[in-house]
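Shown next, in structure tokens, is the structure this report addresses.
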Amino acid sequence: MVRAATLQDEFALVLGGDCSILLGALAGARHAGPLSLLHIDGHSDFRHPGNYDPAQSLGAVAGMDLALATGRGEALATDWPGITRPLVADAQVIQLGERENRDHDFAWPDINHTAINRIDVFEALAIGPDAVIARIRDTLAQVPDQGLWIHLDVDVLDQAVMPAVDSPGSPGIAPDDLAKILIPFVADRRCRGMTVTVFDPDLDPDGRCAATIVKLLGRLPFPPSTTD
144 MVRAATLQDE
154 FALVLGGDCS
164 ILLGALAGAR
174 HAGPLSLLHI
184 DGHSDFRHPG
194 NYDPAQSLGA
204 VAGMDLALAT
214 GRGEALATDW
224 PGITRPLVAD
234 AQVIQLGERE
244 NRDHDFAWPD
254 INHTAINRID
264 VFEALAIGPD
274 AVIARIRDTL
284 AQVPDQGLWI
294 HLDVDVLDQA
304 VMPAVDSPGS
314 PGIAPDDLAK
324 ILIPFVADRR
334 CRGMTVTVFD
344 PDLDPDGRCA
354 ATIVKLLGRL
364 PFPPSTTD
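Be aware that the sequence shown starts at 144, since it is given in the numbering used here, and climbs by one per residue.
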């Protein structure tokens with residue numbers, strides 16, 4: 144579906160259960176050309192065999208999606224038919240929202256030694272949405288004719304407003320600030336689509352979190368031909 148939509152120059156909106164949906168979406172969109180990735184997530188999801196022992200613990204793709212997207216991991220999830228590996232180059236990734244990278248036991252500190260552009264949640268809150276937008280634009284300007292994919296894990300929102308996720312946390316980006324950051328990039332002619340994930344309705348008995356997500360998405364300028 145993503146491949147068909149992007150080849151027809153349509154915007155693909157993909158809603159799913161966890162961050163593993165990013166890989167198939169990127170693979171589909173890559174058939175229309177190279178991509179930059181705006182990865183918005185309270186965790187950078189950079190787990191790969193180079194920074195953990197597969198014999199000691201299971202590796203869930205949902206915690207490995209950014210590593211796999213940048214070519215780190217098993218060939219089964221990094222090599223895609225008809226697409227040059229990796230799905231997206233390090234230098235064309237912007238990871239926004241990580242909240243654990245300043246912990247002494249941060250799980251994947253090797254991300255700090257890559258060309259991935261990182262704006263953790265603490266910096267994002269300190270500089271404000273306008274400066275975050277400017278930083279993202281600076282990265283995208285390096286390849287102005289390249290497509291863009293946006294990935295949104297809603298756990299980037301503070302757990303006070305978004306507890307209905309598998310790994311809630313604080314601090315987080317406020318819904319209004321997140322919408323402000325997203326709007327110019329969803330509207331960008333280069334944007335081929337967006338994945339939205341990790342909301343768990345079983346943890347939202349009164350529907351409050353679902354309403355927050357719907358309101359957020361309702362503020363974004365999706366093209367009228369969006370395929371979902």
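Yeah, the Cβ is synthetic: ideal placement off N, Cα and C, and Gly gets one too.
For the candidate residues His-294, Gly-315, Trp-223, Val-308, whose alpha-carbon lies nearest to that of Ala-170?
In terms of CA proximity to Ala-170, Trp-223 leads the group His-294, Gly-315, Trp-223, Val-308.
Enumerate, from N- to C-terminal direction, the unbroken beta strand (DSSP E) stretches of 3 or more residues contained entirely within the stretch 235 to 307.
236 to 239, 260 to 262, 290 to 296
Inter-residue CB distance, Gly-185 and Glu-241 (contact presumed, cutoff 8 Å)
7 Å
Do Thr-355 and Cys-162 come within 7 Å of each other at the CB atom, strictly closer than that value?
no
In this structure, what does DSSP give as the bridge partners for Ser-179?
Per DSSP, the beta bridge partners of Ser-179 are Leu-291.
Ignore the nearest five residues each way along the sequence and tell me which others in Asp-208's own chain have a CB closer than 7 Å to its CB.
Cys-162, Ser-163, Leu-165, Leu-166, Asp-188
Simplified DSSP state of Gly-336, which is helix, strand or coil:
strand
Taking the alpha-carbon of Pro-287 as reference, which of Leu-178, Asp-343, Gly-350, Asp-309 has the nearest alpha-carbon?
Leu-178
Could you check the C-alpha separation between Val-236 and Ile-254 for me, to the nearest Å?
Going by C-alpha positions, Val-236 is about 12 Å away from Ile-254.
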